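Peer 1: Before I ask anything, here is the structure I am working with.
In our numbering, the protein residues as written are 4 to 234.
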């Protein structure tokens, strides 16, 4: 995702509200190679953080769900996003709004259902799926974004689509998923447990079983950020 002063897809609006909580729903102690997880507690915190942060956001910026065409969520698994949608959409809300948000939600989870949890990136994979698969979005539409990280921190902000955004999107993304190669459990575990060794610049190179080379480089080597009133 390239952030610049003259965006060609959307504007990141300056309207964020965030919340932190000192909890241990998903955490990795220094002495452990693996995280400690309490799934039910984590789900409860995710939904409660969403509801309380949304209430503060709507009050601070005088916004209601009518101001948004869709809501994107951090998605460790798609069903939690549906729980989140049902949490902040009042039961007495008008049916047209509920139907619109529900339709766009199911459009936004298409890629996440194919990929699974990618942690921080899941919110933006959710957004990408919405943009590339929705037939109802137009320039000027606002999309509400909910980011969550266990431990816990969450943030709500909004984005606005700009003119011509649809020209920068792909319509053949599903071909990427269809071209994937299935790994055996042994192959997956070998990759999962492999220790990554970094050089003095923070980079690492890997040789796959077919002798092809790919590399992982520090993001600071490739990313420039320009800040103005809008991103």
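All residues carry an ideal CB built from backbone N, CA and C; glycine is no exception. Here the structure is a predicted model, which means the values were calculated and not measured.
Considering only their Cβ atoms, is the gap separating residue 52 from residue 24 smaller than 9 Å?
Peer 2: yes
Peer 1: Kindly indicate which residue of 193, 75, 34, 58 has the alpha-carbon position closest to the one of residue 127.
Peer 2: 75
Peer 1: Taking the beta carbon of residue 116 as the centre, do at least 16 other beta carbons fall within 10 Å, making it buried, or is it exposed?
Peer 2: Classification for residue 116: exposed.
Peer 1: Would residue 142 and residue 66 be called neighbours here (beta carbons separated by less than 9 Å)?
Peer 2: no
Peer 1: Between which residues of its own chain and residue 147 is the CB-CB distance below 6 Å, once the five residues before and five after are set aside?
Peer 2: 71, 74, 161
Peer 1: Excluding the 5 residues preceding and the 5 following residue 77 in the sequence, name in chain order all residues of the same chain whose CB lies nearer than 7 Å to its CB.
Peer 2: Counting only Cβ-Cβ distances below 7 Å, and skipping sequence neighbours, we find 125, 126, 149, 150, 151.
Peer 1: Runs of 3 residues minimum, wholly inside the region 79-164: which ones carry the beta strand (DSSP E) assignment?
Peer 2: 145-152, 156-164
Peer 1: Tell me whether residue 187 sits in a helix, a strand or coil according to DSSP, three-state version.
Peer 2: coil
Peer 1: With residue 71 as the anchor, note down where its alpha helix (DSSP H) starts and where it stops.
Peer 2: Looking at the DSSP string, residue 71 is not in any alpha helix (DSSP H), and its letter there is neither H nor E.
Peer 1: How many angstroms separate the CA atom of residue 195 from the CA atom of residue 174?
Peer 2: 31 Å
Peer 1: Out of 93, 133, 99, state which residue places its alpha-carbon closest to the alpha-carbon of residue 111.
Peer 2: 133
Peer 1: So, are the CB atoms of residue 83 and residue 49 less than 9 Å apart?
Peer 2: yes
Peer 1: Have a look at 176, 201, 197, 102 and flag the residue whose alpha-carbon is nearest the alpha-carbon of residue 36.
Peer 2: 197
Peer 1: Let's see if you can read the secondary structure: which residues bound the alpha helix (DSSP H) around residue 60?
Peer 2: 42-63
Peer 1: Return helix, strand or coil for residue 29, following the three-state DSSP convention.
Peer 2: strand
Peer 1: Which residues does DSSP pair with residue 14 in a beta bridge?
Peer 2: 163
Peer 1: Note the first and the last residue of the continuous beta strand (DSSP E) segment covering residue 21.
Peer 2: Looking at the DSSP string, the run of the beta strand (DSSP E) that includes residue 21 is 20-23.
Peer 1: Name the residue from 186, 69, 113, 108 whose alpha carbon lies nearest to the alpha carbon of residue 97.
Peer 2: 69
Peer 1: Any idea what DSSP makes of residue 168, helix, strand or coil?
Peer 2: helix
Peer 1: Measuring only the C-alpha atoms, how far is residue 14 from residue 189?
Peer 2: About 43 Å.
Peer 1: Just how far apart, CA to CA, sit residue 224 and residue 114?
Peer 2: Residue placement at residue 224 is poorly supported in this model, since its pLDDT is 47, which falls under 50; the coordinates are not used for a value here.
Peer 1: Work out the CA separation of residue 201 and residue 89 for me, nearest whole Å.
Peer 2: 44 Å
Peer 1: Tell me the DSSP secondary structure of residue 196 in three-state form.
Peer 2: Three-state result, residue 196: helix.
Peer 1: For residue 180, does the three-state DSSP call read helix, strand or coil?
Peer 2: The DSSP-derived three-state label of residue 180 is helix.
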